[in-house]
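Encoded as C-alpha cells, the structure appears first; notes follow it.
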Amino acid sequence: MKIIHNILKVLLSLLLLMPVLGTLGVMPEPTRDLYNTDEAFAFIQSLYASSYILYTMAIVHVFAIIALWTKREALAALLIAPITVNIIGFHIFLDGLFNTGSLMAVVLCALNIYFLWKNKETYKVLLEKKNS
Numbered sequence: 006m007k008i009i010h011n012i013l014k015v016l017l018s019l020l021l022l023m024p025v026l027g028t029l030g031v032m033p034e035p036t037r038d039l040y041n042t043d044e045a046f047a048f049i050q051s052l053y054a055s056s057y058i059l060y061t062m063a064i065v066h067v068f069a070i071i072a073l074w075t076k077r078e079a080l081a082a083l084l085i086a087p088i089t090v091n092i093i094g095f096h097i098f099l100d101g102l103f104n105t106g107s108l109m110a111v112v113l114c115a116l117n118i119y120f121l122w123k124n125k126e127t128y129k130v131l132l133e134k135k136n137s
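Quick note on the working numbering: the sequence shown kicks off at 6 and runs consecutively.
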C-alpha cells in the first residue's frame, strides 16, 4: 500500500509541477485547439495577460509539492482544494467538459480527494466546535 501511496504522490506532484513550468515559460502557452469553446480560450488568455493569478497559483503549487514531500500531506491537499474546484468548474462551465484537460482535472480531483480522505482525522480538529 505504501508503494501505491508513493506513486500517487509522484503523480500529484507531476500534475502540480506542470502549471509551475508553464508559468516559468518552460512549456508553451496554450493554443486555441486545446479548448472546446472560444470562451474557455478567452478566459485562459486573460489569465495569461494578467499573469498575477498564474504566479500566485505557481507559488501555491510549489508550497503544496513541498508540503506533500515533507510529511504534510493534509496541508498540501487543503492548499490545492480551491484550485482543483476552480479547474473542475472551468471544464464544466466554460470548456464543454470533455477533452484532455478535463481528464487531467478529474485525475487531479481524484488525487486531491484521496489525500483529503486519507488525512480526514487531521481535519477533525479544524471542524470541531469550540466552547468559549
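Built from N, CA and C at the ideal position, the CB exists for glycine as well. Since the structure is predicted, the reported quantities are computational estimates derived from the model, not experimental observations.
I'd like the ranges of any beta strand (DSSP E) spanning at least 3 consecutive residues and lying wholly in the segment 70 to 131.
Whole beta strand (DSSP E) segments, 3+ residues: zero.
From I71 to L132, what distance separates their C-alpha atoms?
Their backbone Cα atoms lie some 25 angstroms apart in a straight line.
Between the segment 96 to 112 and the segment 55 to 71, do three or more beta carbon pairs fall short of 8 angstroms?
These segments do not touch.
With a Cβ-Cβ cutoff of 8 angstroms, do V67 and V112 count as a contact?
No, these two residues do not count as a Cβ contact at 8 angstroms.
If you measure from the beta carbon of T28 to each beta carbon in chain C, is any gap under 8 angstroms?
The chain labelled as chain C is not found in the depicted structure, where only one protein chain is given.
Only counting the same chain, and skipping five residues up and downstream in sequence, which positions put a Cβ closer than 7 angstroms to that of A110?
If we look at A110 and ignore the five residues flanking it on each side, its Cβ neighbours are I92, I93 and H96.
Between which residues of its own chain and L20 is the CB-CB distance below 8 angstroms, once the five residues before and five after are set aside?
These residues qualify, in order along the chain: M109, V112, L113 and L116.
With DSSP as the reference, label T36 as helix, strand or coil.
Of the three classes helix, strand and coil, the one that applies to T36 here is coil, per DSSP.
What is the C-beta distance between L29 and G106, in whole angstroms, given that I count them as a contact (C-beta under 8 angstroms)?
About 20 angstroms separates the two Cβ atoms, so there is no contact after all.
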